[in-house]
Structure formats: structure tokens, C-alpha cells
Amino acid sequence: MSTSQIRDLLFSELYVAVRTTKELLKKITEEDFSFQPNDKMRTLLEQANHLVQIPFIDLAIGQEKSEEEIRELEKKLYSNDVYELGTVMETGFNELKNYYESMSEEDFVGKVTKPFYFTPDMEGHTQAKWLIEITTHAFHHRGQLFNYLKELNKEVNMFDLY
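What follows is the structure in C-alpha cells.
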């Protein structure tokens, strides 16, 4: 299997997270936004915003944007509208996909970047590793969103995840 085929499989899998997240978001009402499973966790609205911003934010982190640039991007992308949240994730996915598809195979597997939060003694990640990281990050938080909806007694089941 070629590197481009593996990259395309990751895009396909990440798009499952995008598509299913958009559908889960449609089950949320404005009254649900303040739901917080406990005081150590995000509210539903904060969780949803974090999840949908992953393609944009994690791409920017992998491109070595500063913490200040990342925080500004998070503010810019923040929304209180479930349909806009879905659009943020879809648009971020498309930008991420375009970025990685424009990259040479050599850069995809060999270009190493380091995020602002790594300490000086930590090594950076290749672009291929960043794409894997972004994909797993999205699924992690999609799972959390799914559990928030279950706790709110929303009509969700395993078929909402595929």
C-alpha cells in the first residue's frame, strides 16, 4: 500500500467523524448547551466547539502556529449554532485535506514540526503522525459528545457512529 493510499484512508476515516458529528449536533437544543456531566468537564457547548474545531486547530498546531494564534483561531471559530458548528468541522476538514494533498510524499512522511506546547527536549512529529493524531483526537471527542447526549437521554445509539 502506498503512502498516498494510507493518507486517503485516514481522510476517509476522519470524514466519518465529521459526518457523524454533524448528525449528532442536530440532536442538541439550545437548552442542552449548559449541560456539564461534572464540574471537571466542559459544558456541552464547550465540548461541541472543541470537537468541531479539531481539523482547523490541530492543523494549525501541526503547522507550528503560536499559542496566541491558536487561541485567536479558537475564538474566531466559536459558535452557539449547531448547524454552524457542523459547517466549521466540514470546512476545517476540507482545508486540512487540501493541505495534506498538496504535500509531497517526502514531506508527508519526513517533514517534522513541533507544537508550541512541546518542551525543548521533546521531538516533533512528522506530518503523517499529525494526521493520525488529528483523526484519533476527533474520534476521542466525538465519543465524549455521544456520551453527553446519552446522559441527556437523547435518542442516540451505535448506528449514529457509522
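For the sequence shown, the numbering used here begins at 1234 and goes up steadily by one.
Note that beta-carbon positions come from the ideal geometry of N, C-alpha and C, so glycine has one too.
All figures in this text were calculated on a predicted structure; none of them were measured in a lab.
query = For residue 1350, does the count of other Cβ atoms within 10 angstroms reach 16, so buried, or fall short, so exposed?
reply = Translated into positions along the sequence shown, residue 1350 becomes position 117. The residue is exposed, with fewer than 16 neighbouring Cβ atoms inside 10 Å.
task = Run through the stretch 1310 to 1336 for me and flag every whole alpha helix (DSSP H) of 4 or more residues, listed as ranges in chain order.
result = 1315 to 1334
ask   = Going by alpha carbons, who is nearest to residue 1297 out of 1358, 1309, 1384?
value = For this step, residue 1297 is matched to residue 64 along the sequence shown. The shortest C-alpha separation from residue 1297 is found at 1358.
query = Mind checking residue 1262: buried by the 16 CB within 10 Å criterion, or exposed?
reply = Translated into the one-based positions of the sequence shown, residue 1262 becomes position 29. Exposed, by the Cβ-count rule.
query = If we count the other Cβ atoms within 10 Å of its Cβ and call it buried at 16 or more, is residue 1352 buried or exposed?
reply = Here residue 1352 refers to the residue found at position 119 of the sequence shown. Exposed, because fewer than 16 other Cβ atoms sit within 10 Å of the Cβ of residue 1352.
task = Taking residue 1240 as the reference, give the member of 1270, 1371, 1318, 1333 with the closest Cα.
result = Here residue 1240 is taken as the residue at index 7 of the sequence shown, counted from 1. Among 1270, 1371, 1318, 1333, the Cα nearest to that of residue 1240 is on 1333.
request  = Following the continuous alpha helix (DSSP H) through residue 1381, name the residue where it begins and the one where it ends.
outcome  = Indexing the sequence shown from 1 puts residue 1381 at position 148. Residue 1381 -> alpha helix (DSSP H) spans 1360 to 1384.
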